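Trainee: For reference, the structure I am asking about is given below.
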Amino acid sequence: MKFAKTTLAALAAAVTLGVSVQAQAGTTLDAVKAKGFVQCGISDGLPGFSYADSKGQYIGLDVDVCRAVAAALFGDATKVKYTPLTAKERFTALQSGEVDVLSRNTTWTSSRDAAMGLNFAGVNYYDGQGFLVNKKLGVTSAKELDGAAVCIQAGTTTELNLADYFRAGNMKYTPITYDKSDESAKALEAGRCDVLTSDQSQLYAQRIKLAKPDDYVVLPEVISKEPLGPAVRQGDADWFNIVKWSLFAMVNAEEMGVTSANVEDLAKNSTNPDVRRLLGAEGEFGKDLKLPQDWAVQIVKQVGNYGETFDRNVGAGSDLKIARGLNDLWNKGGLQYAPPVR
Amino acid sequence: MQPNANSPRVTGSLLTDPKFRAWIFQILAVIAVIAAGWYLFNNTQHNLNSRGISSGFGFLQQSAGFGILQSLVDYTESDSYARVFVIGLLNTLLVSVLGIVFATLLGFLLGVARLSHNWLISKLATLYIEIFRNIPPLLQIFFWYFAVLRNVPGPRQSLDVGETVFLNIRGLYLPSPTPTEGFWAALAAFIVAAVISIYIGIKAKQRREATGRRFPVLLTTLGLLFGLPTIVGLLFGNPFVWEMPELKGFNFQGGFVVIPELVALTLALSIYTAAFIAEIVRAGIMSVSHGQTEAADSLGLRRGVTLRLVIIPQALRVIIPPLTSQYLNLAKNSSLAAAIGYPDLVSLFAGTVLNQTGQAIETISITMSVYLAISLAISLLMNSYNKRMALVER
Chain A
3 MKFAKTTLAA
13 LAAAVTLGVS
23 VQAQAGTTLD
33 AVKAKGFVQC
43 GISDGLPGFS
53 YADSKGQYIG
63 LDVDVCRAVA
73 AALFGDATKV
83 KYTPLTAKER
93 FTALQSGEVD
103 VLSRNTTWTS
113 SRDAAMGLNF
123 AGVNYYDGQG
133 FLVNKKLGVT
143 SAKELDGAAV
153 CIQAGTTTEL
163 NLADYFRAGN
173 MKYTPITYDK
183 SDESAKALEA
193 GRCDVLTSDQ
203 SQLYAQRIKL
213 AKPDDYVVLP
223 EVISKEPLGP
233 AVRQGDADWF
243 NIVKWSLFAM
253 VNAEEMGVTS
263 ANVEDLAKNS
273 TNPDVRRLLG
283 AEGEFGKDLK
293 LPQDWAVQIV
303 KQVGNYGETF
313 DRNVGAGSDL
323 KIARGLNDLW
333 NKGGLQYAPP
343 VR
Chain B
-11 MQPNANSPRV
-1 TGSLLTDPKF
9 RAWIFQILAV
19 IAVIAAGWYL
29 FNNTQHNLNS
39 RGISSGFGFL
49 QQSAGFGILQ
59 SLVDYTESDS
69 YARVFVIGLL
79 NTLLVSVLGI
89 VFATLLGFLL
99 GVARLSHNWL
109 ISKLATLYIE
119 IFRNIPPLLQ
129 IFFWYFAVLR
139 NVPGPRQSLD
149 VGETVFLNIR
159 GLYLPSPTPT
169 EGFWAALAAF
179 IVAAVISIYI
189 GIKAKQRREA
199 TGRRFPVLLT
209 TLGLLFGLPT
219 IVGLLFGNPF
229 VWEMPELKGF
239 NFQGGFVVIP
249 ELVALTLALS
259 IYTAAFIAEI
269 VRAGIMSVSH
279 GQTEAADSLG
289 LRRGVTLRLV
299 IIPQALRVII
309 PPLTSQYLNL
319 AKNSSLAAAI
329 GYPDLVSLFA
339 GTVLNQTGQA
349 IETISITMSV
359 YLAISLAISL
369 LMNSYNKRMA
379 LVER
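Taken in sequence, the protein lines are chains A and B. Taking my numbering, the leading residue of the first sequence gets 3, the next gets one more, and so forth. Taking my numbering, the leading residue of the second sequence gets -11, the next gets one more, and so forth.
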């Protein structure tokens, strides 16, 4: 009976322990600090947003969000480990704690906010869904696509928008869904489908990966709003703030004219109170965010301001040559607008 | 003092009673299992709540909103996730059933071929078995889908047979039949023929047992089953109106389409599993000793009768149990469909629906239960068949 008693006691202890551990599960911020790097969920290869360059380094606009978080937190933008995820895998990976932040051209929607337990930390790219077709088809508008076979990536908002668009236009289509965007692109090339639909930025990125990019054209219609941004798990306010403000710092830096070239100089010599607060020369805004005082300096120095990363990855300085458009600053006719640091 | 089972020891307490202790340990084990289960459930619930993730099965009633490539029952985008589940399940069952039928036919053929006395036939069968048994099924699916079916011409350069059947990269387009009055008349004739055939069969058996005279049952019933509906069909005119596939705009419209994803998956699964079935059939046939054939010969049985009444029943006893495992494997391997975008249960429900709703625990547990149910159903069917075929010991 003694044995039985101890077993029972051990069992009871295990159960109570288990419950108490679950009640005070460590925050993401503590866990990230303890392991010394940010685990970042990115896409499985999308030029301009997240893909491996010739040296095997991940680069792109989405990758830069994670690098900014690492720069703010550790003062070192390289302290990031990447997990490439398909569209189907991404939410489960974030929900289960496999990644700390999901920065994978993911559309911010109400159900993802409310039912999936995600928090979107902002919008790092304002996008919209478009269509990529072979020029040979002679199609000039999405309204001529009745009866077409359409390639889509499974488990995306694109799938839903496509159905809505064709239903609204009283048109028919055949959906051909694949898990990976590369598979969809190959299917378009092989002729399994007539049209590839996705966010416009992705279409431009996929197009340059095709064997003959010039044979394909992106149709003018944009059929949806796709605000893409990084997401974190709910119930972790500190971590959410850090990711959110890392992104805002990049946008604010661009607005104030702070660049990777002049940031160190401005941090010491600027007289503009906005710049001084952002760069930690005034106030203790970093400490409030549970970050080092020079968090924004490190972000801009190592990753650049929003305009710099945009140009480098998807804009004029890249192969994609996407115009700033909606992604320009609010005072230049775009939508990028960050709350002030104060 | 001698320990005696019949007289309980007076000095020992209840704790030293082996029977009582056995009970205690069993009760404790049950409590431990329940506690662990409760803990897992509670922990999951707690974590889902603290992260703001919806739970429960209410999502099944929401409308899905996305299109599906192939559905055996009617489907529109406004149908519910529950409907999507049904469509995924039917697509999985379709590919499993097709796979099982083709794998069995091909497997039996190959198994017999490998035992053939013809050197070429037996070596070819061996070669087939050794190649396809040893390549992972996923690679075979990729081979059929990407290497073979991707190289079929586009819709405007379709290969065709007499302008009625078209083959292109989008699939195989066949004319689809719509039944007319003639069809229903022919169907009625077929049912009548079937009833008469059963009656003839029973009468013929009675006569054979009473007088020993045989009646050509097979030929008569075949003649009835095919002849009667044909005559009635001819009287009423064409039983079907054929809807021809036609190139309209981007694709062929109308008719019936077999999508390349289904073809690739069925081909790969049947060819892969057939290699295993062939070996099982060979083992089964070899397990029947040659003495059985000789005994049947000495009784004067004809070759066909020997095969049907002596060899096959005994071989089946050895074949059926491992054959069941192969059927189960095929049904489970059909979930590799997700790799080529065939809308089966895993790709559609555990993939797209999971992603659109974010309810991983619910969708995955439903999907797992379905595979469990399919596998158990196959097992049950095969086990009952096995029981019928098993040796009845007297």
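Note that beta-carbon positions come from the ideal geometry of N, C-alpha and C, so glycine has one too. Since the model is a prediction, treat every value here as computed from it, not as a measurement.
So, for Asp148 (chain A): in the same chain, excluding its five sequence neighbours on each side, which residues have a beta-carbon less than 7 Å away from its beta-carbon?
Mentor: Within the same chain, Asp148 (chain A) has close Cβ partners Met173, Lys174.
Trainee: Quick one: what's got a C-beta closer than 8 Å to Glu288 (chain A)'s C-beta in the same chain, skipping five residues either side?
Mentor: Position check: residue 288 (chain A) holds Gly in this sequence, whereas Glu was assumed. Result list for Gly288 (chain A): Gly282, Pro294, Gln295, Asp296, Trp297, Ala298, in chain order.
Trainee: Any chance you could list the alpha helix (DSSP H) runs of at least 4 consecutive residues sitting entirely within the segment 136 to 201 of chain A, in chain order?
Mentor: Complete alpha helix (DSSP H) runs here, min 4: 159 to 170, 183 to 192.
Trainee: Classify Asn254 (chain A): buried if its beta carbon has 16 or more other beta carbons within 10 angstroms, exposed otherwise.
Mentor: By the 10 Å Cβ count, Asn254 (chain A) comes out buried.
Trainee: Would you list the residues sitting across from Tyr84 (chain A) in a DSSP beta bridge?
Mentor: According to DSSP, Tyr84 (chain A) bridges with A:Cys42.
Trainee: Excluding sequence positions up to five away, which residues of its chain have a Cβ less than 7 Å from the Cβ of Leu98 (chain B)?
Mentor: Closer than 7 Å at the Cβ level, and outside the excluded window around Leu98 (chain B), lie Ala113, Tyr116, Ile117, Ala262, Ala266.
Trainee: Apart from the five residues just before and just after Trp247 (chain A), which ones in its own chain have a Cβ nearer than 7 Å to its Cβ?
Mentor: For Trp247 (chain A), where only same-chain residues beyond five positions count, the Cβ hits under 7 Å are Leu291.
Trainee: Taking all protein chains shown into account, do 16 or more other C-beta atoms lie within 10 angstroms of the C-beta of Met118 (chain A), making it buried, or fewer, making it exposed?
Mentor: That one is buried.
Trainee: Using Cβ-Cβ distances below 7 Å, what residues of the segment 37 to 61 of chain B are close to chain A?
Mentor: Those would be Ser38, Arg39, Gly40, Ile41, Ser42, Gly53, Phe54, Gly55, Ile56, Leu57, in chain order.
Trainee: Can you tell me where the alpha helix (DSSP H) with Ser323 (chain B) in it begins and where it stops?
Mentor: No alpha helix (DSSP H) holds Ser323 (chain B); DSSP gives it neither H nor E.
Trainee: The alpha helix (DSSP H) spanning Arg290 (chain B) covers which residue range?
Mentor: Looking at the DSSP string, Arg290 (chain B) is not in any alpha helix (DSSP H), and its letter there is neither H nor E.
Trainee: With a 10 Å radius around its C-beta and 16 neighbouring C-beta atoms as the bar for buried, classify Arg106 (chain A) as buried or exposed.
Mentor: Result: buried.
Trainee: Would Gly329 (chain B) be called buried (16 or more neighbouring beta carbons within 10 Å of its own) or exposed?
Mentor: With 16 or more other Cβ atoms within 10 Å, it is buried.
Trainee: Report all residues from its chain with a CB closer than 7 Å to the CB of Gly76 (chain B); omit the five preceding and five following residues, and keep chain order.
Mentor: Here the set comprises Pro331, Asp332, Leu333, Leu336, Phe337.
Trainee: Can you pull the chain B neighbours of Leu162 (chain A), defined as C-beta to C-beta under 8 Å?
Mentor: Per Cβ cutoff of 8 Å: Gly53, Phe54, Gln344.
Trainee: What does Lys236 (chain B) reach in chain A if we use C-beta pairs closer than 8 Å?
Mentor: Those within 8 Å of Lys236 (chain B) in chain A are Gly149.
Trainee: Would you kindly check if the distance between the Cβ of Gly157 (chain A) and the Cβ of Ala89 (chain A) is under 8 Å?
Mentor: Yes, the Cβ-Cβ distance between Ala89 (chain A) and Gly157 (chain A) is below 8 Å.
Trainee: State the beta-bridge partners of Pro165 (chain B) as determined by DSSP.
Mentor: Paired residues: B:Trp230.
Trainee: Three Cβ pairs or more, each shorter than 8 Å: is that satisfied between the segment 300 to 316 of chain B and the segment 62 to 80 of chain B?
Mentor: The answer is no - the segment 62 to 80 of chain B does not touch the segment 300 to 316 of chain B, with fewer than three Cβ pairs under 8 Å.
Trainee: Please decide whether Ala213 (chain A) counts as near chain B, where near means a Cβ-Cβ distance under 8 Å.
Mentor: It does not; no Cβ of chain B falls within 8 Å.
Trainee: So, for Pro301 (chain B): in the same chain, excluding its five sequence neighbours on each side, which residues have a beta-carbon less than 8 Å away from its beta-carbon?
Mentor: Cβ within range, chain order: Met377.
Trainee: Quick check: Leu221 (chain A) and Val135 (chain A), are their CB atoms within less than 8 Å of each other?
Mentor: Cβ distance < 8 Å, so Leu221 (chain A) and Val135 (chain A) count as in contact.
Trainee: Using three-state DSSP, classify Trp332 (chain A) as helix, strand or coil.
Mentor: Helix, per DSSP.
Trainee: Is the Cβ-Cβ distance between Arg92 (chain A) and Thr109 (chain A) less than 8 Å?
Mentor: Taking 8 Å as the Cβ cut-off, Arg92 (chain A) and Thr109 (chain A) do not qualify as a contacting pair.
Trainee: For chain A, find out if any of its Cβ atoms is closer than 8 Å to the Cβ of Pro6 (chain B); answer yes or no.
Mentor: Pro6 (chain B) does not count as touching chain A.
Trainee: Ignoring anything shorter than 3 residues or poking outside the segment 77 to 125 of chain A, list the beta strand (DSSP E) runs there in chain order.
Mentor: Counting whole runs of 3 or more residues, the segment 77 to 125 of chain A contains the beta strand (DSSP E) stretches 82 to 87, 103 to 109, 120 to 122.
Trainee: Find the residues of chain B that neighbour Arg344 (chain A), judging by a C-beta separation of less than 8 Å, and give them in chain order.
Mentor: The premise fails here: Arg344 (chain A) is roughly 30 Å from chain B at the closest Cβ pair, so nothing lies under 8 Å.
Trainee: Under a Cβ-count criterion, where at least 16 other Cβ atoms within 10 Å of its own Cβ denotes burial, should Asn307 (chain A) be classed as buried or exposed?
Mentor: Looking at its Cβ environment, which holds 16 or more other Cβ atoms inside 10 Å, Asn307 (chain A) is buried.
Trainee: Quick one, which of B:Arg291, B:Gln33, B:Val269 has its alpha-carbon nearest Thr456 (chain B)'s?
Mentor: Residue 456 (chain B) is absent from the structure shown; chain B starts at -11 and stops at 382.
Trainee: Between B:Leu86, B:Arg195, B:Gln50, which has its C-alpha nearest Ala319 (chain B)'s C-alpha?
Mentor: Cα-wise, what sits closest to Ala319 (chain B) is B:Leu86.
Trainee: Taking C-beta pairs closer than 9 Å, name the residues in chain D that Gln155 (chain A) reaches, listed in chain order.
Mentor: Going by chain labels, chain D is absent from the structure shown, which instead holds the protein chains A and B.
Trainee: Can we say the segment 356 to 370 of chain B touches the segment 287 to 296 of chain B, given the rule of at least three CB pairs closer than 8 Å?
Mentor: The segment 356 to 370 of chain B vs the segment 287 to 296 of chain B: no contact.
Trainee: Looking only at its own chain, which residues have a Cβ that is under 6 Å from the Cβ of Tyr161 (chain B), when we skip the five neighbours before and after it?
Mentor: Only Phe154, Pro233, Phe240, Gly243, Val245 meet the Cβ criterion.
Trainee: So what's Ile232 (chain A) in DSSP terms, helix, strand or just coil?
Mentor: For clarity, residue 232 (chain A) is Pro in the given sequence; the question names Ile instead. Pro232 (chain A) falls in the strand class under three-state DSSP.
Trainee: Which residues in chain B have a C-beta closer than 8 Å to the C-beta of Arg235 (chain A)? List them in chain order.
Mentor: Arg39, listed in chain order.
Trainee: With 16 as the cutoff for other CB atoms within 10 Å, does Met252 (chain A) come out buried or exposed?
Mentor: Buried is the call here.
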